[in-house]
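Peer 1: Sharing a structure with you now.
2 protein chains.
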Amino acid sequence: MTYRAPLREMQFVLYEVLNGDTVLPELPGCEDATREIMDAMLTEGAKLAENVLAPLNTSGDREGCHYDTESKTVKTPEGFPDAYRQFAEAGWTALAGPVEYGGQGLPHTLNTLAEEMVCSANLSLGMYPGLTHGAVNALTSYGSDELKEKYLPKLISGEWSGTMCLTEPQCGTDLGLIRTKAEPQADGSYAITGNKIWITGGEHDLVDNIVHLVLAKLPDAPGGSKGISLFLVPKFLDDGSRNPAFCGGLEHKMGIKASATCVMNFEGAKGWLIGEPHKGLQAMFVMMNSARLMVGLQGLGIAEAAYQVSRDFAKERLQSRSLAGPQAPEKAADPIIVHPDVRRMLLRQKATIEGGRALAYFTSMQLDIAHKAATEEERQQADDMVQLLTPIVKAFLTDEGFFCANDGLQLMGGSGFTQDWPVEQFVRDSRITRIYEGTNGIQALDLVGRKLGHAGGRAVKSFFAMLDNYIKTEGGVPFGDELKAATGRLQKATMWLMQNGMGDREQAGSAATPYLRLFALTAIAYFWSRMVATAEQALADGSTETDFYAAKKETAAFYMHKLLPQTLSLLAEIETGKDSLMGMTADQF
Amino acid sequence: MTYRAPLREMQFVLYEVLNGDTVLPELPGCEDATREIMDAMLTEGAKLAENVLAPLNTSGDREGCHYDTESKTVKTPEGFPDAYRQFAEAGWTALAGPVEYGGQGLPHTLNTLAEEMVCSANLSLGMYPGLTHGAVNALTSYGSDELKEKYLPKLISGEWSGTMCLTEPQCGTDLGLIRTKAEPQADGSYAITGNKIWITGGEHDLVDNIVHLVLAKLPDAPGGSKGISLFLVPKFLDDGSRNPAFCGGLEHKMGIKASATCVMNFEGAKGWLIGEPHKGLQAMFVMMNSARLMVGLQGLGIAEAAYQVSRDFAKERLQSRSLAGPQAPEKAADPIIVHPDVRRMLLRQKATIEGGRALAYFTSMQLDIAHKAATEEERQQADDMVQLLTPIVKAFLTDEGFFCANDGLQLMGGSGFTQDWPVEQFVRDSRITRIYEGTNGIQALDLVGRKLGHAGGRAVKSFFAMLDNYIKTEGGVPFGDELKAATGRLQKATMWLMQNGMGDREQAGSAATPYLRLFALTAIAYFWSRMVATAEQALADGSTETDFYAAKKETAAFYMHKLLPQTLSLLAEIETGKDSLMGMTADQF
Chain A
1 MTYRAPLREM
11 QFVLYEVLNG
21 DTVLPELPGC
31 EDATREIMDA
41 MLTEGAKLAE
51 NVLAPLNTSG
61 DREGCHYDTE
71 SKTVKTPEGF
81 PDAYRQFAEA
91 GWTALAGPVE
101 YGGQGLPHTL
111 NTLAEEMVCS
121 ANLSLGMYPG
131 LTHGAVNALT
141 SYGSDELKEK
151 YLPKLISGEW
161 SGTMCLTEPQ
171 CGTDLGLIRT
181 KAEPQADGSY
191 AITGNKIWIT
201 GGEHDLVDNI
211 VHLVLAKLPD
221 APGGSKGISL
231 FLVPKFLDDG
241 SRNPAFCGGL
251 EHKMGIKASA
261 TCVMNFEGAK
271 GWLIGEPHKG
281 LQAMFVMMNS
291 ARLMVGLQGL
301 GIAEAAYQVS
311 RDFAKERLQS
321 RSLAGPQAPE
331 KAADPIIVHP
341 DVRRMLLRQK
351 ATIEGGRALA
361 YFTSMQLDIA
371 HKAATEEERQ
381 QADDMVQLLT
391 PIVKAFLTDE
401 GFFCANDGLQ
411 LMGGSGFTQD
421 WPVEQFVRDS
431 RITRIYEGTN
441 GIQALDLVGR
451 KLGHAGGRAV
461 KSFFAMLDNY
471 IKTEGGVPFG
481 DELKAATGRL
491 QKATMWLMQN
501 GMGDREQAGS
511 AATPYLRLFA
521 LTAIAYFWSR
531 MVATAEQALA
541 DGSTETDFYA
551 AKKETAAFYM
561 HKLLPQTLSL
571 LAEIETGKDS
581 LMGMTADQF
Chain B
1001 MTYRAPLREM
1011 QFVLYEVLNG
1021 DTVLPELPGC
1031 EDATREIMDA
1041 MLTEGAKLAE
1051 NVLAPLNTSG
1061 DREGCHYDTE
1071 SKTVKTPEGF
1081 PDAYRQFAEA
1091 GWTALAGPVE
1101 YGGQGLPHTL
1111 NTLAEEMVCS
1121 ANLSLGMYPG
1131 LTHGAVNALT
1141 SYGSDELKEK
1151 YLPKLISGEW
1161 SGTMCLTEPQ
1171 CGTDLGLIRT
1181 KAEPQADGSY
1191 AITGNKIWIT
1201 GGEHDLVDNI
1211 VHLVLAKLPD
1221 APGGSKGISL
1231 FLVPKFLDDG
1241 SRNPAFCGGL
1251 EHKMGIKASA
1261 TCVMNFEGAK
1271 GWLIGEPHKG
1281 LQAMFVMMNS
1291 ARLMVGLQGL
1301 GIAEAAYQVS
1311 RDFAKERLQS
1321 RSLAGPQAPE
1331 KAADPIIVHP
1341 DVRRMLLRQK
1351 ATIEGGRALA
1361 YFTSMQLDIA
1371 HKAATEEERQ
1381 QADDMVQLLT
1391 PIVKAFLTDE
1401 GFFCANDGLQ
1411 LMGGSGFTQD
1421 WPVEQFVRDS
1431 RITRIYEGTN
1441 GIQALDLVGR
1451 KLGHAGGRAV
1461 KSFFAMLDNY
1471 IKTEGGVPFG
1481 DELKAATGRL
1491 QKATMWLMQN
1501 GMGDREQAGS
1511 AATPYLRLFA
1521 LTAIAYFWSR
1531 MVATAEQALA
1541 DGSTETDFYA
1551 AKKETAAFYM
1561 HKLLPQTLSL
1571 LAEIETGKDS
1581 LMGMTADQF
């Protein structure tokens, strides 16, 4: 498998479209994030992804992880420990970590760009530091100073790794059903007892110690999700003794086979409370919100990898003549990239990836602004946008990551289905991204149930204001008619939800998934229009990158003509309401 | 893995909607196809699928096929030879075969119903007899009497199996690029030399002899696809000697791992011409047309299997409370089937499967009528319909088979992604059905490039007449407004193609895939309306199966409200034409 980090594309979005090289260094604490520094980091990240991570993607899938029943340990595939060591030593685990604990304090946005490259190259390997990142966030926000001092430095340096232990056999989405118990001990610690499943990186051989963040219930816990607390449970204790938090086995999965998905048994393991009793979900959501953005980037990263492979295939593979007559008469047939239906599958990938990249990077920059801007007003406005867009980035980019990988496979015909090419693995690996960190159905419910109505709809109003102001730009905007029409449909759907979903939550639930998709398509249309405006300006300014900027206009046209019309049917789907979903009895299925 | 053949659903479509128990026995030669006989066969087929084939589906996937380099033979998974023997001994390979060669001469439609059950239960196992069926068809239509007498009886009895050897490394879709050579020999046979890839059942241990149908070029062949001939090449010759047609290895694939996909090396193997020199593609298309229908049924079969598993899961799995308040207050949570978004995923499967089943069975009955009706006029009209609908059945039902399996996986959350459940295998297995027997993009080109314009558009006119007559039924038809709107969109798209696609083949190519989908959605809306009319009549006649018939109305409502609106965006996608697809240069991708 070969992968080339799309640095030019990433720079286009970060600098030219979103002005990241101006906005980010102006944030207090982010002064180092100059274009020079960011470019240097991206170049180094690209090398690591291309030369160290990508070459292990296929072999990791074939070999998988292995569990040893005797020692209850997990062996990752050949080359993984060394690749992880290089990743950590190069400072990638420390990128956005707080400076006082050894982090580099750089913007979260840079992590986002790194995540894209890592997940294009090797999703399974990227999972290990990805989960650590979430643990660092939760610990930074809610941990006691003692816990922070003890655990953050080594998690940030990558010497240790972290996990999120939520799921149990009887509870996935519904965390109120958790049974794992935490008994207070005389020394102020807790004895944690229970079984967790689907724990990514619960046990492996990449690091010396693993720090589990575990949801459990205190003896006096109220019922349901309001009675859950969060605990830190290390694999090894201070004195080097083994804490009884053991891996009981590995899941056998469709994909991400090189990522160790563990059953974890806590047998009275020693743990410490993070944050307040019974408020564990709050702390966990800090982990999950940034994790959800990152999972969206996983979808984007895999789509990019599939696009590169299938695009190169389409330029090489000779099959049939163009419908407009031979294009390569000297060859036995034309390269299949001449065929409209092959282009349809390539452009669906290209238009979705590039538009999705703008949406994801924008959201990441808003996250940095929300954390670090000078004024409360700026922070709040940015946080509104992050809250609103996070479920959309997660669900839409992972759905599309899977669909794009499938389009890549499809245009390669039988070759795509064989393991001689990496695309079938991209399809299998990307499949889980639509499920974990909250299924995409849950993301849609989060959007319509929590985010839309929050603070009187402040966030969605601010989003529509951003679009309206843009559309009203003097002299018009590229593809203004298409953007205006889609925005109108999204507004209509939003109004429908306000009128029907407030009093009847099943109406909101019935509209949730098509609404999220309608929102995403419209938001990305906005970014496509802006990207074309940027490209036109660059050409007007005399740029010599004519192919690069011309491609932006062509790709945007495809997006507006071939993908954005889905907003028509999504609105119709929403407006027919819940009756045809809820009418059947369970027995009639 | 458990599977229950949906006999009641199959009978509903075959007898109540399509009147198969009247139409089929009236066809000359099909007098035996009474309802009694058909019911008996379906019941037996269901038992075989449920008790013999389904139990081997998971184990077959895990074990896969194994190639022995020394003997150049292939071992199928444990239990496959015995299951295949039971399948053949029960007469399933002989069902629709010509009586004079030992077949039962029953309608092709019965094969279709059997194929659905077989592919729900075990797609890999079903591939072996499936390919034989195609070989029997080609041989029956084009083989010399000598070849027929020698090969048909044992192919029909299932003692031997057949293959279709088309693809070579440099040619898949574009068969004009074939390099395999056929040299005439003094005894009237030919020496076949060349390499074929992706040959399903090219070598295996289920039967005593394998009969390869091989595309190759004669020494005096004209260039391109007009210079291809078809040859019969048996593994073992009459005297029992080994013909040098060897398996050189197996493909490693994403799915259908228990189906042996072989590299075949023909090293001067003895073969005999089928049909006329240079007219091999014509004979091959006889195989492929019925094969394409059957592949559509594979998509349907897998969707049904995924639906059954995910529906049962949704009724059992407890997670969160209904948005309308607790539905099972005595339990820790409600079964997830109460949630609108879970229902959306279940109903997408149910509505697509049941509507697709009606479309597929209808097309199969038309195939029987095309072959066997008493008058030329009836035969021609039915053949028109088969030609028109075959690419639609193939492409739409395999696309949807994959999407339905994915919806099944999705609603099961993390469980769906693990190999503890069979759904991830359904996703992997179904993926190839969108590619083989002509990719779905090729099906769409076949529809717009060949089928629409054939004989002055006779077939599509006859299709529209069928819909128009139905819509005009006195007193109206169920969901008449929705059906009329969709039909109007399809007519508009057809007109657009007539005006733009005739003079500019790239316009036709650009519209092909969305047009096929628009056609399929509209055709299925027609069958859904008819199914509701049938259900309403049954209820009015006092049927006590109130749940069964009520579910038809509810499912149809979902189809009309939530799926059929896609026709809006598909029409818009078509009408924006080719510019945004063809504008980019290859370098700009």
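Chains A and B supply the protein sequences, listed in that same order. Under the numbering used here, think of the first position of the first sequence as 1, with each following residue one higher. Under the numbering used here, think of the first position of the second sequence as 1001, with each following residue one higher. The beta-carbon is built from N, C-alpha and C at its ideal position, and this holds for glycine as well. Being a predicted model, the structure only gives us computed values, none of them experimental.
Which residues in chain B sit within 9 Å of A/GLY355, going by Cβ to Cβ distance?
Peer 2: Here the premise fails: no neighbours, minimum Cβ distance about 14 Å.
Peer 1: For B/VAL1233, which of B/GLU1575, B/GLY1249, B/THR1180 has the nearest alpha-carbon?
Peer 2: Measuring from the Cα of B/VAL1233, the nearest candidate turns out to be B/THR1180.
Peer 1: Let me make sure I understand the geometry here. Which of B/ILE1274, B/GLY1509, B/ALA1523, B/THR1567 has the alpha-carbon closest to that of B/SER1462?
Peer 2: Per the Cα distances, B/ALA1523.
Peer 1: Checking 8 Å against the spacing of the C-beta atoms, do A/LEU215 and A/LEU166 come in under that value?
Peer 2: In contact: A/LEU215 and A/LEU166 (Cβ atoms closer than 8 Å).
Peer 1: By a C-beta neighbour count over all protein chains shown, 10 Å radius and 16 as the cutoff for buried, is B/GLN1443 buried or exposed?
Peer 2: Buried is the call here.
Peer 1: Find out if the Cβ-Cβ distance for the pair A/ALA314, B/MET1584 is shorter than 8 Å.
Peer 2: No, the Cβ-Cβ distance between A/ALA314 and B/MET1584 is not below 8 Å.
Peer 1: Determine the chain A residues that contact B/SER1543 at a beta-carbon separation under 9 Å, and present them in chain order.
Peer 2: What B/SER1543 touches in chain A: nothing, since even the nearest Cβ is about 15 Å away.
Peer 1: Please give me, in chain order, every unbroken run of the beta strand (DSSP E) with length at least 3 that falls completely inside the region 338-409 of chain A.
Peer 2: The region 338-409 of chain A contains no whole beta strand (DSSP E) run of 3 or more residues.
Peer 1: Sorted by chain position, which residues of the same chain lie with C-beta nearer than 7 Å to B/ALA1328's C-beta, five sequence neighbours on each side aside?
Peer 2: If we look at B/ALA1328 and ignore the five residues flanking it on each side, its Cβ neighbours are ASP1334, PRO1335.
Peer 1: On a CA-only basis, which of B/ARG1517, B/ALA1511, B/LEU1518 is nearest A/HIS561? Give me that one, please.
Peer 2: A/HIS561 has its Cα closest to that of B/ALA1511, out of B/ARG1517, B/ALA1511, B/LEU1518.
Peer 1: Whose C-alpha, out of B/THR1398, B/ALA1557, B/GLN1185, is nearest the C-alpha of B/THR1439?
Peer 2: Of B/THR1398, B/ALA1557, B/GLN1185, the residue nearest in Cα terms is B/THR1398.
Peer 1: Would a C-beta distance cut-off of 8 Å place A/GLU50 and A/ARG4 closer than the cut-off?
Peer 2: Taking 8 Å as the Cβ cut-off, A/GLU50 and A/ARG4 qualify as a contacting pair.
Peer 1: B/GLY1509 and B/LEU1445 look like a contact to me (Cβ under 8 Å); what is the Cβ gap, rounded to whole Å?
Peer 2: Indeed they touch by this definition, with Cβ atoms about 6 Å apart.
Peer 1: Thinking C-alpha only, which one of A/PRO514, A/CYS262, A/LYS270, A/LEU177 is nearest A/LYS226?
Peer 2: Per the Cα distances, A/LEU177.
Peer 1: When the distance is taken between beta carbons, is A/THR112 closer than 8 Å to A/SER364?
Peer 2: Going by C-beta atoms, A/SER364 is nearer than 8 Å to A/THR112.
Peer 1: In the DSSP output, what is B/ARG1242 paired with across the bridge?
Peer 2: Note: B/ARG1242 sits in a beta bridge opposite B/PHE1236.
Peer 1: Going by C-alpha distance, which of A/ASN137, A/SER415, A/TYR515 is nearest A/HIS591?
Peer 2: Since the first residue shown for chain A is 1 and the last is 589, residue 591 of chain A is missing from the structure and cannot be characterised.
Peer 1: Do we get a CB-CB distance below 8 Å when we pair B/PHE1589 with the residues of chain A?
Peer 2: It does: the Cβ of B/PHE1589 has a partner Cβ on chain A nearer than 8 Å.
Peer 1: Near B/GLN1086, which residues of its chain fall below 8 Å by C-beta distance, leaving aside the five closest residues on each side in sequence?
Peer 2: The answer, listed in chain order, is LEU1048, VAL1052.
Peer 1: With burial defined as no fewer than 16 other Cβ atoms inside 10 Å of the residue's Cβ, what is the status of B/PRO1514: buried or exposed?
Peer 2: That one is buried.
Peer 1: Identify each residue in the region 424-437 of chain A for which the Cβ-Cβ distance to at least one residue of chain B is less than 8 Å, and report them in chain order.
Peer 2: Within the region 424-437 of chain A, the qualifying residues are GLU424, VAL427, ARG428, ARG431, ILE432, ARG434, ILE435, TYR436.
Peer 1: For A/LYS350, I'd like the list of residues in its chain whose CB is within less than 7 Å of its CB, leaving aside the five on either flank, ordered along the chain.
Peer 2: Cβ neighbours of A/LYS350 beyond the five flanking positions: TYR307, THR555.
Peer 1: When you compare the CB positions of A/LEU516 and A/ALA332, do they come within less than 8 Å of one another, or not?
Peer 2: Not in contact: A/LEU516 and A/ALA332 (Cβ atoms no closer than 8 Å).
Peer 1: For the putative contact between B/GLY1060 and B/PRO1077, defined by C-beta atoms under 8 Å, what is the C-beta separation to the nearest angstrom?
Peer 2: Rounded, the Cβ-Cβ distance is 4 Å, consistent with contact.
Peer 1: Between A/SER529 and the rest of its own chain, which residues show a CB-CB distance below 6 Å, the 5 nearest in sequence each way excluded?
Peer 2: VAL477, PRO478, PHE479, LEU483.
Peer 1: By alpha-carbon positions, which one of A/LEU281, A/GLN366, A/THR375 ends up nearest to A/ALA382?
Peer 2: The residue with the shortest Cα to Cα distance from A/ALA382 is A/GLN366.
Peer 1: Quick one: using the 10 Å Cβ neighbour count with 16 as the cut-off for buried, is A/GLY456 buried or exposed?
Peer 2: Looking at its Cβ environment, which holds fewer than 16 other Cβ atoms inside 10 Å, A/GLY456 is exposed.
Peer 1: Contact between the region 405-425 of chain A and the region 1290-1308 of chain B: three or more CB pairs below 8 Å?
Peer 2: No: the two stretches stay apart, fewer than three of their Cβ pairs being nearer than 8 Å.
Peer 1: What is the DSSP secondary structure of A/GLU203, counted as helix, strand or coil?
Peer 2: Here A/GLU203 sits in coil by DSSP.
Peer 1: Contact between the region 310-325 of chain A and the region 139-152 of chain A is defined here as three or more beta-carbon pairs at a separation below 8 Å; is this criterion met?
Peer 2: Flag = no, the region 310-325 of chain A and the region 139-152 of chain A do not touch.
Peer 1: What do you reckon, are the CB atoms on B/LEU1042 and B/LEU1007 nearer than 8 Å?
Peer 2: Taking 8 Å as the Cβ cut-off, B/LEU1042 and B/LEU1007 qualify as a contacting pair.
Peer 1: Within this structure, are the beta carbons of B/ASP1368 and B/PRO1107 separated by less than 8 Å?
Peer 2: Yes; because the gap between Cβ atoms is below 8 Å, this pair is in contact.
Peer 1: Cβ of A/LYS315 less than 8 Å from any chain B Cβ?
Peer 2: Chain B contact via Cβ: present.
Peer 1: At the 8 Å Cβ level, is B/ARG1344 part of the contact set with chain A, yes or no?
Peer 2: Output row for B/ARG1344: interface = yes.
Peer 1: Going by C-alpha to C-alpha distance, which of A/GLU9, A/MET1, A/THR2 sits closest to B/PHE1589?
Peer 2: Residue A/GLU9 is the option with its Cα nearest to B/PHE1589.
Peer 1: With a cut-off of 8 Å, does the C-beta of B/HIS1561 fall near any C-beta of chain A?
Peer 2: By this cut-off, B/HIS1561 is an interface position.
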